[in-house]
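Enquirer: Each protein sequence line maps, in turn, to chains A and B. Numbering follows this note's numbering, with no gaps: position 156 of the first sequence is 1433. Numbering follows this note's numbering, with no gaps: position 204 of the second sequence is 730. A virtual CB, placed ideally from N, CA and C, is assigned to each residue, including glycine.
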Amino acid sequence: MPGKLKAKIVAGRHLPVMDRASDLTDAFVEVKFGNTTFKTDVCHKSLNPQWNSEWFKFEVDDEDLQDEPLQVTVLDHDTYSANDAIGKVYIDIDPLLCSEAASVISGWFPIYDTIHGIRGEINVLVKVELFNDLNRFRQSSCGVKFFCTTSIPRCYRAVMVHGFVEELVVNEDPEYQWIDRIRTPRASNEARQRLISLMSGELQRKIGLKVLEMGGNAVVGYLQCFDLEGESGLVVRAIGTACTLDKLSSGSAPNTNTHMHPNTAPASNACNSPSKDGKEPVFGEDLTSSSGPPTPFRALPTTSSSPPPFSPSKPCSRQSSSSDTDLSLTPKTGMGSGGSVGKEAGPLKTLLRQQTQTALEQREFPFFTLTSFPPGFLVHVGGVVSARSVKLLDRIHNPDEPETRDAWWEEIRQEIKSHAKALGCHAVVGYSESTSICEEVCILSASGTAAILNPRYMREGCLDIGITDHRFEEPSPPSCGFCHIPYDELNMPFPAQLTYCYLCRRQKVPDVLFTTIDLPPEAAVTGKGCLIQARLCRLKKKAQGEVNATAISNLLPFMEYELHTQLMNKLKLRSMNSLFGLHIQISVGENMLLGLASATGVYLTALPAPGGIQIAGKTPGELSNEHHILTIQKRINDTIAKNKELYQINPPKLFALDPEVFCGINMELTEEVVGSPIPEPRQRSRLFRSHSESSDEVSELDLSHGKKDAFVLEIDDTDAVEDIHSLLTDAPTPTGFYSCNTEIMPGINNWTSGVQMFTSVRVFRLSNANLTNQGLNKIFTDLCENLLKSFYFKLRSMIPCCLCQLNFTVAVPEEELIQVTVTAVAMTFDKDQTQEKTADKPPTKGGSETEEQLQFPLELCADSSSANCQPTSKISGVPESTNVSSRDRCSTWLELLRLKAHTMRRGSVKTSRRTQSLAHSVSSLERCSPLPEGRSRSLRSSRSFGGSSVTVVKMTPLSFLPGTRIIKYLGIINMFFIRETTSLREEGGVSGFLHTFIAEVFSMVRAHVAALGGNAVVSYSMKECMLMENPNKNQAQCLINVSGDAVICVRETDQEPTPSTTNIGHTSASATDEAT
Amino acid sequence: MTMELDVFVGNTTIMDEEVYQLWLDGYTVNDAVKVRMDGGVMEECEASADVLLSDTMDQYRTFQMCERLLHSPSKLGNQLLFQIPPHRQAMLIERYYTFDDAFVREVLGKKLSKGTKKDLDDIGAKTGVTLKSCRRQFDNFKRVFKVVEELKGPLVENIRHHFLLSDKLARDYAAIVFFANNRFETGKRKLQYLTFQDFAFCAGQLISNWTVGAVGEPSVLFPSFVCYMDVDLDKEFLQELKELKVLITDKDLLDQHKSLVCTALRGKTKAFNEMETNFKNLSRGLVNIAAKLTNTKDVRDFFIDLVEKFIEPCRSDRWTAADIRLYLTHYNNSAHILDTFKHQVVWDRYMGVVKSCIFKMYHD
């Protein structure tokens, strides 16, 4: 008897009128858990009944506690006929089973009915008492924490990342063809809701068991999905990353800003760390000291990834790639490490790497559902790996058992693993799985990013977010290290143009980089990012069974190829060189396939500038054609130029001269500090110079949209013309707006408090019977573009604002319908970036990035200091008071630079002087920034409003809320609802029906979070929004599944949790109001 | 691109005040889109007509869903379906209950019944208010009337408390309820020149001086025992008004009154002669109105009587507003000096209201 569940029914309000005669209701409540049911008294003739019941006690196994929801049913008492149900509330009590989460559930819950929607509210109190705390993990896994967040949750530190966990449960679907069935839809829908609630409870418990087996205590990046297979059953599956998390004491907030001085890791660490056992605190003392004032001379060497001077390998020649590649194994043999080893000398490292490899290879699947990582975790990124497979659901031998589906997924995961190996990587990060089902055909998809991870994170006791980057060898600087290719240069898995990294100049980088993860916060980025989408429709013949499956299988590679081409073109059109958060969805319908790829384009400073797009005609002879091509070419060039301006992509051109000096200094310093004899430093710096010269050429090329590097589009037929047109018809985002589909927007990191999460659904009916692929593409593209335009318009009062985590989902619910569902969050930000940098601890992940970026502007300033110094004269008018903070930070920078200069003096006097002037120019730049407009707005918007008794709950698909600090995770929210109607017209058609339903779902999520004591949902997502309609019968039905993490967050400045009726939610709206 | 389905739902409900006003004014979606286009909102964010249409539809849907809650505004504060910041809630309520003066002028004093509702299309046509908006306004009047009708306590407070309205709006509703309850005649041709605000002012005067609730504050000790109603006139007071008749029936008293007033007025106004000649007529008029108020029918005609018996004669003699003020002040005060006149309290209670009503009503 490991647990006692107690529930108390307090009161109801706003109940519907159930008795027409009296216009009142005689309500009572049934409380059910498992097979036990309690009833309250009937509260006669009241729409606001006060039951104030006793505590209903359920004595149950903790296994049941995990699986079952508490079921609260409100009924209208009827003396003569059967009691009428008013509605139900399902309360997931999982958060109460974890000591660190919520301790009581108490609050008003909307009473929900599948036909009538929300009908009043009920106030419920729930508590759990768990017994024999020690020996309770057998069938149950109470206490394992679940997080939807795909990064290490804010108030925890990861002690260890164990790896991939997955589970899948199958059951018979109570109803798979709702409209044709005879039984009452309400009964079957309620059965379905309850079943799915049970199944996800069971799934979570089973995954929890696996985590405990691995020695972990939490699942991060938990992703649960439903497959409504129809006749073969209902599948609930989930994947996640098992971790051991440690709660940070409430006083010390997780310092997300560990990169204040990202290069402070001692250089020597990199090589003299022979520790085989990560637990050994080899550098313990060293670490604590380095967290103090930075020691610049040590700092610098790590920015360059130069091999440690006394490393046994060949010293410092033009890298040891050639020799190492000899040793390297070809990817197919499974090691795949050669390529990466190629850039890092030293057998010790190879040893470590091999350790990791074995550590990871012992695991069945070295997959991680995380998309952002503690600093230093990610070493290199190879590229996107994905696998798809088409299956026939009616071929499942034993549909009630999970074996067949398990085997399917196993197969796909193996494929992903081997793809990763081919890229020279031993792990897959940002991993996700999805399905698309149409009748009996099912497409299973999996994708992720092949990567090389830091070995230390795989072993016990060495992972610490706070100071990680000091502890680990720093094979390459964090701002560019992950871009360096992990695969073998001479044995590349795919054709790519490699160049030396534009940041460190030491290692090779590809010309473009695609990933499914978030942009690492420490990455160096030029300009801002933007959402890039590729959209594609392909018609297919209607078919059955095997034929159909084969047709789809044959189409898939073409679709992937075309989506890829589109992405590449659009990327170049925006003058960017990498994609983050890439998500490719392929959806199957009866007569067509839809493909939608979304990603956030970024200009990574480490990667070469993209060449332009060149149009070439196949028949150059024709004059008219030539002219046509010329005009298109001009349009493309104009667009590229415009985009560069829009996204502020100005790769530092002067930089090309600078880093050489920079590197030179590094090297000389290394030499001095470590005192190792590097034979020809001069020669080496010359070597670097030659690199930078080559980069000069590139940037020149880039200006003219180059000839060599240009991407050539051939116009040989009308299709190509169409393609180019569609390429150019993507409307630019209106001024004041930015968009991305990742956690953080590259280039923006000073969020203000305005937050508006929204969901939008559109369904388009294809009316034309004779549609071509071209026509379909156009329709689909317009559909997506119009959606975006609509968002910009609706949210115009939030400008300047960024749409983050734009998550598009496409579906073909019926033969002639295309459905697009979008969930995203609009966040306001401060236009003036420099001001916000002064904040001592930026709340967002992006915060750390500013420090990184600064390095470049700094170098830039140095060379153009004469120009930059001029504005100083103009600044006098700026009021002093606004600059206090900025001067403060300047002084720290000055100190830092002075220190730098001091150490440099020994090497070269000339450079030190330059650094001084550099510091001046920086401070002058900082000062001339005026007080931002956005800031004053945010101040205004934070005024409070009194009165309301309803807790404001903010929701966001991101893992954080700007301007706030998460102080507690209260548990996972995972809710599934079905809504049906038989009076579609009366409810305002499908739009009215769905609008109400989505609003209801939001309100139920908010109510549950508020009852847990929370005031926000982070990592919110709408996994499923499946709409079926039958207008002729005046009927419709919709299923929605949402999930997220319930949290308590406080404003950055506050220490104590704000009371339940905080006004944080209002601020967003009031910011919205300002402009209306 | 017309959509089969097109919805946008924000966690914090997004509402555009401009669109809300269009919705309240009864514009159809298409008309609203036209108005917005002309308003230049398109240029603001490079929007197209499609975008505008979709946005307008979304907003209209949201308002329709909210309308149910707006019918009992206190629910809006603790409902869970829409997350609306309190100041936005206040705006929604205030705007929803705001009415057109032109419209309310037409229904003022009429019975808020189905019969009147049938005439709404005529009223709409006459006032230029859309039928939809007429219905909303009419239903608001009815709803407020129904709730407040049976409630004890001060009328304005009750309205403000139950409907969370601003003081100004609550006072206007009190006037509407008061007029509807007492069925004051306001529709006659002679009263057409009066605006709603004129009547609202008069209603305020009547409510605060002539109803049962006006007599005194509820006792602190037994607030529940003081069951006064603000909606009905004080019957006792109306009875007492009959006593004022002595001012015109007693010839001595009438002459005395006249001479007192004339002495005071002499040399102070150009209209002195007219005042002197008309004194008896005017005095008879005012006192007769008072004496007749026990009849419900005559209560209804209170305003028309004021106009016919006092305002019109004065206007035909071209009295200025200052003349009226001067005359009525002395007319009222002089009665106190009459030693045989014993009904000073009732006289003041009556004349105080009549005076301020006439001041308000004496204009073109």
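1) Determine the direct distance from the alpha carbon of R1297 (chain A) to that of V2294 (chain A), and round the result to whole angstroms.
2) Short of 7 Å Cβ to Cβ, which residues in the stretch 2259-2293 of chain A face chain B?
3) Between G1289 (chain A) and chain B, is the shortest Cβ-Cβ distance under 9 Å, so that the two count as touching?
4) Check distances from the C-beta atoms of the stretch 529-542 of chain B to those of chain A and list, in chain order, the residues that come in under 7 Å.
5) Identify the contact partners of E1398 (chain A) in chain B, using a Cβ-Cβ distance below 9 Å as the criterion.
6) Runs of 4 residues minimum, wholly inside the stretch 2265-2313 of chain A: which ones carry the alpha helix (DSSP H) assignment?
7) Apart from the five residues on each side of it in sequence, which residues of its chain come closer than 7 Å, Cβ to Cβ, to N1448 (chain A)?
8) Can you give me the start and stop residues for the beta strand (DSSP E) that T2105 (chain A) sits inside?
9) Would you grab the beta carbon distance between P2077 (chain A) and K2055 (chain A) for me? Rounded to a whole angstrom, and I think it's under 8 Å.
10) When Cβ atoms are compared, which residues of the stretch 580-591 of chain B fall closer than 8 Å to chain A?
11) Give me the chain A residues within the contact set of V555 (chain B), using Cβ-Cβ distance strictly less than 7 Å, ordered along the chain.
12) Nearest by alpha-carbon distance to L1859 (chain A): which of A:A1828, A:S2030, A:N2084, A:T1908 is it?
13) Chain B partners of V2038 (chain A), CB-CB under 7 Å?
14) Kindly list, in the order they appear in chain A, the residues whose Cβ is closer than 7 Å to that of E572 (chain B).
15) Going by DSSP in three states, M1295 (chain A) sits in which element: helix, strand or coil?
16) Helix, strand or coil for K1698 (chain A)? Go by DSSP, reduced to three states.
17) In terms of alpha-carbon separation, which member of B:W736, B:S600, B:T528 lies closest to V872 (chain B)?
18) At a cut of 8 Å, does the stretch 1765-1777 of chain A reach the stretch 1795-1807 of chain A through at least three beta carbon pairs?
19) Going by other Cβ atoms of all chains shown within 10 Å of its Cβ, with 16 needed for buried, is Q723 (chain B) buried or exposed?
20) With 16 as the cutoff for other CB atoms within 10 Å, does K1309 (chain A) come out buried or exposed?
21) For L2094 (chain A), go through chain B and note every residue whose CB falls closer than 7 Å to its CB, in chain order.
22) Might you give, ordered along the chain, the residues of its own chain that have their beta carbon closer than 8 Å to the beta carbon of D627 (chain B), omitting 5 neighbours on each side?
23) Please state whether DSSP places S1428 (chain A) in a helix, a strand or coil.
24) For the beta strand (DSSP E) that contains V559 (chain B), what are its first and last residues?
25) Would you mind working out which of A:V1786, A:P1755, A:C1778, A:S1756 sits nearest I1762 (chain A), comparing C-alpha positions?
26) Which residue from A:A1886, A:P1887, A:H1904 puts its Cα closest to that of A1893 (chain A)?
27) In this structure, what does DSSP give as the bridge partners for V1337 (chain A)?
28) Going along chain B in order, which residues have a C-beta closer than 7 Å to the C-beta of I2372 (chain A)?
29) Comparing C-alpha positions only, which one of A:L1670, A:L1884, A:V1789, A:G1758 sits nearest to L1844 (chain A)?
30) Going along chain B in order, which residues have a C-beta closer than 7 Å to the C-beta of R2042 (chain A)?
31) Can you find the residues in the same chain that come closer than 6 Å, C-beta to C-beta, to W845 (chain B), ignoring five residues on each side of it along the sequence?
32) Tell me the residue span of the alpha helix (DSSP H) that contains N858 (chain B).
33) Closer than 9 Å, Cβ to any Cβ of chain B: which residues of the stretch 2066-2080 of chain A, in chain order?
34) Going along chain A in order, which residues have a C-beta closer than 8 Å to the C-beta of V577 (chain B)?
35) What separation, rounded to the nearest whole angstrom, lies between the Cα atoms of M887 (chain B) and A847 (chain B)?
36) Between N1731 (chain A) and V1656 (chain A), how many whole angstroms is the CB-CB distance? I'm expecting something under 8 Å.
Expert: Here's the rundown:
1) Rounded to whole angstroms, the gap between the alpha carbons of V2294 (chain A) and R1297 (chain A) is 40 Å.
2) Taking a C-beta cut-off of 7 Å against chain B, the contacting residues of the stretch 2259-2293 of chain A are G2265, V2267, S2268, G2269, L2271, H2272, T2273, I2275, A2276, E2277, F2279, S2280, R2283, A2284, listed in chain order.
3) Chain B, which has no Cβ nearer than 9 Å to the Cβ of G1289 (chain A), makes this no.
4) Within the stretch 529-542 of chain B, the residues whose Cβ lies closer than 7 Å to some Cβ of chain A are M529, E530, L531, D532, V533, F534, V535, G536, N537, T538, I540, D542, listed in chain order.
5) By Cβ distance, chain B contributes N604, Q605, L606.
6) If we require 4 residues or more, the alpha helix (DSSP H) runs fully inside the stretch 2265-2313 of chain A come out as 2266-2288.
7) Short of 7 Å from the beta carbon of N1448 (chain A), and not among the five residues preceding or following it, lie these beta carbons of its own chain, in chain order: L1472, M1476, G1510, L1511.
8) Start and end: 2094-2106.
9) Not really, about 32 Å apart at Cβ, beyond 8 Å.
10) Those would be S580, D581, M583, D584, R587, T588, Q590, M591, in chain order.
11) Chain A residues near V555 (chain B): none, gap ~12 Å exceeds 7 Å.
12) It is A:N2084.
13) What V2038 (chain A) touches in chain B: L531, V533.
14) For E572 (chain B), the residues of chain A that pass the 7 Å Cβ criterion are P2011, in the order they occur in the chain.
15) DSSP places M1295 (chain A) in coil when its eight states are reduced to three.
16) Three-state DSSP puts K1698 (chain A) in a helix.
17) Ranking B:W736, B:S600, B:T528 by Cα distance to V872 (chain B) puts B:W736 first.
18) With a cut-off of 8 Å, the stretch 1795-1807 of chain A and the stretch 1765-1777 of chain A do not count as touching, because too few Cβ pairs lie within range.
19) Answer is exposed; the Cβ neighbour count stays below 16.
20) With 16 or more other Cβ atoms from the protein chains shown falling within 10 Å of its own Cβ, K1309 (chain A) counts as buried.
21) Annotation: Cβ neighbours of L2094 (chain A) in chain B (cutoff 7 Å, chain order): E530.
22) Answer for D627 (chain B): T721, F722, Q723, listed in chain order.
23) In the structure shown, S1428 (chain A) sits in coil (DSSP, three-state: anything other than H, G, I, E or B).
24) Not the beta strand (DSSP E): V559 (chain B) falls in the alpha helix (DSSP H), residues 555-564.
25) Here the closest residue by C-alpha is A:V1786.
26) Checking every option, the nearest Cα to that of A1893 (chain A) belongs to A:H1904.
27) Paired residue(s): A:G1280.
28) Beyond the ends of chain A as shown, which are 1278 and 2353, falls residue 2372 (chain A); an answer cannot be given.
29) Taking only the C-alpha atoms, the option nearest L1844 (chain A) is A:V1789.
30) Within chain B, the residues whose beta carbon sits less than 7 Å from that of R2042 (chain A) are E530, listed in sequence order.
31) Cβ within range, chain order: A797.
32) Per DSSP, N858 (chain B) belongs to the alpha helix (DSSP H) from 847-863.
33) Of all residues in the stretch 2066-2080 of chain A, only K2066, S2067, F2068, Y2069, F2070, K2071, L2072, R2073, S2074, I2076 place a beta-carbon less than 9 Å from a beta-carbon of chain B.
34) Here the neighbours are N2063, K2066, S2067, F2070.
35) Spanning the alpha carbons of M887 (chain B) and A847 (chain B) requires a straight line of approximately 10 Å.
36) Contact check for N1731 (chain A) and V1656 (chain A): beta-carbon distance about 5 Å, within the 8 Å limit, so the pair qualifies.
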